[in-house]
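Contents: one structure, followed by commentary.
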């Protein structure tokens, strides 16, 4: 099986290697065994704490918002009597096909200080002064969250839409005849039936957000003053930007592994509980 | 229709219209932007301007564009073809052959899916350095082609592949690879279409790994070229918008060509 051989070379081997590296200290290519030195360094590293908090914040805000939106859109688009279904479906999926670089740049220009976003908000009298989107720690985070939500909602929507089309129509017909209102049909039939897919998308989105790199690197470079620094960006900076310290970077990356493990486990347990 | 249902209907259309507008607006912005000067774009000018040809010329001259496009298409195209071949073979194998270790190996694969790329980046880079293939096409393509996500996807979809077809083909004397090539692949067309969109998109747009392994300008992909243009302190947004359009167009075309099969293919995978 060629796939297993390739996975062996390009997955298993690097995984083991980076585990070994996470116990090495030193800069550049000089390593020595440091035992738990890297883990101790983690607990005292304020930049790391910052990156960890930012990443968890993005995760806690963005993933639930995105998945709920995707579910709502999919449910609306699953109605065969809806006018303009094809158009809405394509429009909402469209952001997914843009390149990360392209959309980061577009967002950068939209959220420039005298850019279109500020102009619109000023014209609508929603704000009194232009917001310095990308240079203000709070608003820079808002832009990052908006950007990822814009890009990935349609992607998740397609999974839900496909799964919804597998649900037997007659269940809905029966519920309709029994006088069950639309919101209740959504909540008591659609959502439970989609549970495996919701679990799948939430695990995938969690993994994706924990590894967030491209958008923050292109939009804000992690700034202003590390307000949007993520763990992946920190790992990149540690390994390639400054004097490389690969061992410590590997330790930071195992923080992500542990987080993914914990969160996936919680999601699996939560999904099982609701079934019971 | 009851008044309540009417309000619901209205809310649905409102929600979808707002979502569609927000989804499409940046595309409109990108196209209008390509025809404006950088200063106009930052000032939020949202009507077409006269700088289109100027921007295109500047963009084409800022890199060896023929080479950059060639790199992008080669890496994304070859990467996609190899990924689909390897992953669909693995997915087929997992579903068709029963072995004692099948579920254990598959479980192991799913666990690996949760290992972030960031954790593999440095060892992979060192591995490539040991193979002495840094800054080559192989280095960009190889790590991606055994995609666990796509293997998983093909295995799920293969559950819908009727085993009677395989049995019948076996009776007719076809070998395993012939069954795969002449029976399985045509039957699973939609699955391949959906996977093509996803894999091509990922390969074409991939940024972090190429950024690390491709070090000279001649090897850069379009994504990297646009990122380089955008990285300066005073980026020329008009030129970048042209680049953004160029970077988006191929995936957009593939999506529209395969769109009908795409939803069908997704349908098979989530059953």
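Protein chains in written order, with my numbering: chain A, 1 to 276; chain B, 1001 to 1271. Just so you know, even glycine gets a beta-carbon here, dropped at the ideal spot from N, CA and C. Only a predicted model underlies this, so the values are computations on that prediction, with no experimental measurement involved.
Return the residue from the list the options that minimises the CA-CA distance to residue i.
i, options, result
"residue 1052 of chain B", "B/1236, B/1227, B/1129", "B/1236"
"residue 82 of chain A", "B/1252, B/1080, B/1121, B/1015", "B/1015"
"residue 1143 of chain B", "B/1079, B/1107, B/1093", "B/1079"
"residue 1198 of chain B", "B/1244, B/1261, B/1165, B/1068", "B/1261"
"residue 171 of chain A", "A/185, A/46, A/159, A/158", "A/185"
"residue 1244 of chain B", "A/103, A/187, A/178", "A/103"
"residue 74 of chain A", "A/160, A/263, A/122", "A/160"
"residue 1035 of chain B", "B/1179, B/1050, B/1217", "B/1050"
"residue 1043 of chain B", "A/262, A/116, A/155, A/136", "A/116"
"residue 1274 of chain B", "B/1225, B/1131, B/1252, B/1102", "In the structure as shown, chain B begins at 1001 and stops at 1271. Residue 1274 of chain B is therefore absent and cannot be evaluated."
"residue 54 of chain A", "A/213, A/187, A/262, A/162", "A/213"
"residue 138 of chain A", "A/59, A/92, A/250, A/227", "A/227"
"residue 235 of chain A", "A/255, A/225, A/218", "A/255"
"residue 218 of chain A", "A/207, A/144, A/208", "A/144"
"residue 1186 of chain B", "B/1265, B/1152, B/1029", "B/1265"
"residue 1206 of chain B", "B/1179, B/1025, B/1030, B/1071", "B/1071"
"residue 1145 of chain B", "B/1082, B/1107, B/1194", "B/1082"
Quick one: give me the first and last residue of the alpha helix (DSSP H) that residue i is part of.
i, result
"residue 1073 of chain B", "1065–1096"
"residue 1167 of chain B", "1163–1171"
"residue 1029 of chain B", "1003–1033"
"residue 217 of chain A", "214–219"
"residue 90 of chain A", "85–93"
"residue 108 of chain A", "100–110"
"residue 196 of chain A", "195–210"
"residue 163 of chain A", "137–164"
"residue 1358 of chain B", "Residue 1358 of chain B lies beyond the stretch modelled for chain B, which goes from 1001 to 1271, so this question has no answer here."
"residue 47 of chain A", "46–77"
"residue 120 of chain A", "116–123"
"residue 1040 of chain B", "1038–1042"
"residue 187 of chain A", "Here residue 187 of chain A belongs to no alpha helix (DSSP H), and DSSP marks it neither H nor E."
"residue 1046 of chain B", "Where residue 1046 of chain B is concerned, there is no enclosing alpha helix (DSSP H), given that its DSSP letter is neither H nor E."
"residue 1174 of chain B", "Taken as a continuous stretch (DSSP letters only), residue 1174 of chain B belongs to no alpha helix (DSSP H), as it is neither H nor E."
"residue 171 of chain A", "169–177"
"residue 232 of chain A", "231–236"
Under the rule that 16 or more other beta-carbon atoms within 10 Å means buried, what is residue i, buried or exposed?
i, result
"residue 1155 of chain B", "buried"
"residue 1037 of chain B", "buried"
"residue 97 of chain A", "buried"
"residue 211 of chain A", "buried"
"residue 183 of chain A", "exposed"
"residue 118 of chain A", "buried"
"residue 1168 of chain B", "exposed"
"residue 79 of chain A", "exposed"
"residue 68 of chain A", "exposed"
"residue 1182 of chain B", "exposed"
"residue 1171 of chain B", "exposed"
"residue 166 of chain A", "exposed"
"residue 1095 of chain B", "buried"
Please go through the same chain and pick out, in chain order, the residues whose beta-carbon is closer than 7 Å to the beta-carbon of residue i, but skip the five residues on each side of it.
i, result
"residue 1004 of chain B", "none"
"residue 1246 of chain B", "1222"
"residue 1250 of chain B", "1204"
"residue 113 of chain A", "130, 132"
"residue 175 of chain A", "185, 189"
"residue 1137 of chain B", "1074, 1075"
"residue 1188 of chain B", "1157, 1161"
"residue 1045 of chain B", "1036"
"residue 63 of chain A", "202, 205, 206, 209"
Excluding five sequence neighbours on each side, which residues of the same chain lie with their C-beta closer than 6 Å to the C-beta of residue i?
i, result
"residue 1123 of chain B", "none"
"residue 1231 of chain B", "none"
"residue 264 of chain A", "203"
"residue 1019 of chain B", "none"
"residue 1006 of chain B", "none"
"residue 100 of chain A", "214"
"residue 1088 of chain B", "1154"
Starting from the C-beta of residue i, find all residues in its chain whose C-beta is less than 8 Å away, skip the five residues before and the five after it, and write them out in chain order.
i, result
"residue 301 of chain A", "Since the first residue of chain A shown is 1 and the last is 276, residue 301 of chain A is not available in this structure."
"residue 1239 of chain B", "1038, 1055, 1058, 1059, 1062, 1229"
"residue 1135 of chain B", "1213, 1214, 1215, 1216, 1219"
For the ligand ATP, is there any heavy atom lying closer than 7 Å to the beta carbon of residue i?
i, result
"residue 238 of chain A", "What this structure holds is no ligand at all, so the ligand ATP is not there to describe."
Which complete alpha helix (DSSP H) runs does the region 1121–1159 of chain B hold, if anything under 4 residues is left out?
1137–1141, 1148–1158
At 4 residues or longer, what runs of the alpha helix (DSSP H) sit wholly inside the region 1229–1253 of chain B?
none
Which residue spans inside the region 1185–1219 of chain B form an unbroken alpha helix (DSSP H) run of at least 4?
1189–1205, 1208–1213
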